[in-house]
Amino acid sequence: MPKVIFLTDARDASARPAGGAAAERPDAVLPAPGQPLRDTRARPLRDLRISVTDRCNFRCTYCMPRDVFDKNYTFLPHGHLLSFEEITRTAAVFARLGVEKIRLTGGEPLLRRHIETLIAMLAELRTPAGKPLDLTLTTNGSLLARKATALKAAGLTRVTVSMDALDPDVFARMSDTGFTPDDVLRGIDAAAAAGLAPVKVNMVVRRGLNDQEIVPMARRFRGTGHILRFIEYMDVGSTNGWNMTEVLPSADVLARIGTHYPLHALDADPMGRVAERWAYNDGAGEIGVISSVTQAFCGGCTRARLSPEGRLFLCLFGTQGHDLRALIRGSADDDALTRAIGRIWSARGDSYSEHRALGAAKPAPQGDGAARVEMSYIGG
Ligand code: SAM
Ligand code: SF4
Ligand code: SF4
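Take the sequence shown: its position 368, counting from 1, is numbered 1425 in my numbering, and each next residue is one higher.
Next comes the structure, spelled out in structure tokens:
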């Protein structure tokens, strides 16, 4: 079993300079008003993923294997989490720097108590041009049937639901939970009925575990208006025992579906869109493939990620992150926070998946040899 080194050196905010090394650089420059903030590869900062908890009521084998995330596992204490006020203040600064889209994630974000209050607070934010932000959430769907109406009323725009199989046994093998596919399907229906449409359904594909569910899933969601997206199994974190042999390339997924239901490609926006979009020739809707492993899309990666305790990660494969909480809870005003985040993004060069594709994968540049951050901590 892999050893878990879970940000042990990174949890004590007081132990290191606030904002991390990049925040200290005096030479980094913020863009002129109205100009997007760009990193070293000219990628604008457009999307912010906010992980609101590291806890989950599933134990997906590819994300939170039960032998690691067991009853002895130490989750973040509540006092370490950013409060709703702290999250909203930080999100407002990101909006000032060009972020147009926020996704709440986790762990399971619907486990964070009164999440709809946070959504209502975030829904008040505006871009510098005065537009509301696109406000979405990724969930395992287990609590969605109960919460969909309240989430919509609070101002959530759309929702993405993770679902890896329709067959109850395969579902249980993937998600290691007492919840059933029917529970998730009820959540998806409730979300659509509440107006959180189009609902995106994310299926992680592991060759030999749930790839027999690809065509049944496609059949189930064709013609519903929901957008099914197939995600290549990624080597995120250090606990899931990832192996390349379990990655089924998206090209194979498309070939299998295309045999039953012919498809054609739709145009993609190269910047900020990770899914390649395809449509059924018979008009039964759209699917997506996310080829994180076989076709790296780092060149269009416009995402920043905020951890539950306020660490800023510039890449899913980061190790340590930049401690914004120390700034937020310290004396930094919004201008200082804006400058710190601006400097961090300006210095960003992360391109982990491209390195992996070249066979030279290495931790993101901000790393210091520590273990990669877990998906359940930083969100997908
Ligand atoms: N608990 C919520 C959920 O499952 O939707 C939100 C957090 S979860 C970490 C976000 C997404 O990451 C899910 O769609 C999940 O399937 C995906 N994910 C987790 N581990 C993954 C891995 N190793 N490879 C690819 N996707 C992964
Ligand atoms: Fe929980 Fe989502 Fe990870 Fe599954 S993928 S264990 S539902 S955080
Ligand atoms: Fe973005 Fe990092 Fe993924 Fe590349 S590997 S697409 S930089 S999150």
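Cβ coordinates follow ideal geometry from the N, Cα and C atoms, glycine included.
Taking the alpha-carbon of residue i as reference, which of the options has the nearest alpha-carbon?
i            : options                : result
residue 1284 : 1242, 1414, 1188, 1256 : 1256
residue 1115 : 1105, 1228, 1170       : 1228
residue 1341 : 1348, 1309, 1300, 1276 : 1276
residue 1118 : 1346, 1129, 1230       : 1230
residue 1307 : 1171, 1344, 1123       : 1344
residue 1404 : 1099, 1091, 1389       : 1099
residue 1151 : 1437, 1392, 1428       : 1392
residue 1164 : 1399, 1092, 1260, 1132 : 1132
residue 1010 : 1113, 1368, 1310       : As shown, the chain starts at 1058 and ends at 1437. That puts residue 1010 outside it, with no answer to give.
residue 1170 : 1135, 1388, 1259, 1092 : 1135
residue 1266 : 1089, 1299, 1398       : 1299
residue 1158 : 1360, 1389, 1430       : 1360
residue 1282 : 1364, 1249, 1389       : 1249
residue 1234 : 1245, 1309, 1268, 1122 : 1122
residue 1089 : 1126, 1153, 1268, 1130 : 1153
residue 1430 : 1398, 1389, 1364       : 1364
residue 1437 : 1126, 1189, 1166       : 1166
With residue i and residue j assumed to form a contact (beta carbons below 8 Å), what rounded beta-carbon distance in angstroms separates them?
i            : j            : result
residue 1222 : residue 1289 : Their Cβ separation, rounded to whole angstroms, is 16 Å, which puts residue 1222 and residue 1289 out of contact at 8 Å.
residue 1144 : residue 1094 : At roughly 20 Å, the Cβ-Cβ gap does not stay under 8 Å, so residue 1144 and residue 1094 are not in contact.
residue 1305 : residue 1147 : Actually they do not touch by this definition, with Cβ atoms about 37 Å apart.
residue 1180 : residue 1211 : 7 Å
residue 1287 : residue 1331 : Not really, about 12 Å apart at Cβ, beyond 8 Å.
residue 1258 : residue 1236 : Not really, about 15 Å apart at Cβ, beyond 8 Å.
With distances taken between CB atoms, is the gap from residue i to residue j smaller than 7 Å?
i            : j            : result
residue 1182 : residue 1110 : no
residue 1358 : residue 1411 : no
residue 1187 : residue 1101 : no
residue 1402 : residue 1096 : yes
residue 1218 : residue 1196 : yes
residue 1435 : residue 1108 : yes
residue 1319 : residue 1297 : no
residue 1272 : residue 1317 : yes
residue 1323 : residue 1336 : yes
residue 1303 : residue 1243 : no
residue 1216 : residue 1253 : yes
Residues in the same chain with beta-carbon distance under 6 Å from residue i, minus the five sequence neighbours each way, listed in chain order, please.
i            : result
residue 1008 : Examination of residue 1008 is not possible in this model, given that the chain is present from 1058 through 1437 alone.
residue 1137 : 1366
residue 1067 : For residue 1067, the predicted model reports a pLDDT of 32, less than 50, meaning its position is unreliable; a value from the coordinates is still stated below. Excluding sequence neighbours, residue 1067 sits near 1377.
residue 1241 : 1198, 1220
residue 1362 : 1106, 1370, 1435
residue 1394 : 1150, 1384
residue 1139 : 1367
residue 1091 : none
residue 1063 : In this prediction, residue 1063 scores a pLDDT of 31, lower than 50, which makes its location untrustworthy; the coordinate-derived value is nonetheless stated afterwards. For residue 1063, where only same-chain residues beyond five positions count, there are no Cβ hits under 6 Å.
Can you name, in chain order, every residue of its own chain whose Cβ lies under 7 Å from the Cβ of residue i, other than the five neighbours on each side?
i            : result
residue 1214 : 1191, 1192, 1193
residue 1432 : 1120, 1293, 1294
residue 1414 : 1353
residue 1247 : 1201, 1202, 1205
residue 1178 : 1141, 1145
residue 1261 : 1119, 1221, 1288, 1290
residue 1301 : none
residue 1225 : 1237, 1238
residue 1075 : Low per-residue confidence applies at residue 1075: pLDDT is 37, beneath 50, and the placement is therefore not dependable, though the value from the model is reported in the following sentence. Here the set comprises 1380, 1383, 1384, 1387.
residue 1334 : 1323, 1325, 1343, 1345
residue 1209 : 1251, 1252, 1253
Excluding the 5 residues preceding and the 5 following residue i in the sequence, name in chain order all residues of the same chain whose CB lies nearer than 8 Å to its CB.
i            : result
residue 1396 : 1087
residue 1314 : 1271, 1272, 1275, 1320, 1344
residue 1349 : 1288, 1289, 1291, 1331, 1410
Flag residue i as yes when its Cβ comes closer than 6 Å to any non-hydrogen atom of ligand 5, and as no otherwise.
i            : result
residue 1433 : In the structure on display, ligand 5 does not appear, and the ligands it does have are ligand 1, ligand 2 and ligand 3.
Q) Hey, which unbroken runs of the beta strand (DSSP E) at 3 residues or more fall wholly within the region 1092 to 1179? A) 1104 to 1108, 1158 to 1162
(Q) To test your reading of the DSSP string, which unbroken beta strand (DSSP E) runs of 3 or more residues are found completely within the region 1342 to 1414? (A) 1343 to 1347, 1360 to 1363, 1368 to 1370
Q: Output the residue ranges of the alpha helix (DSSP H) runs that lie fully inside the region 1198 to 1240 and measure 4 residues or longer, sorted by chain position.
A: 1201 to 1211, 1225 to 1232
Q) Hey, which unbroken runs of the alpha helix (DSSP H) at 4 residues or more fall wholly within the region 1281 to 1319? A) 1307 to 1317
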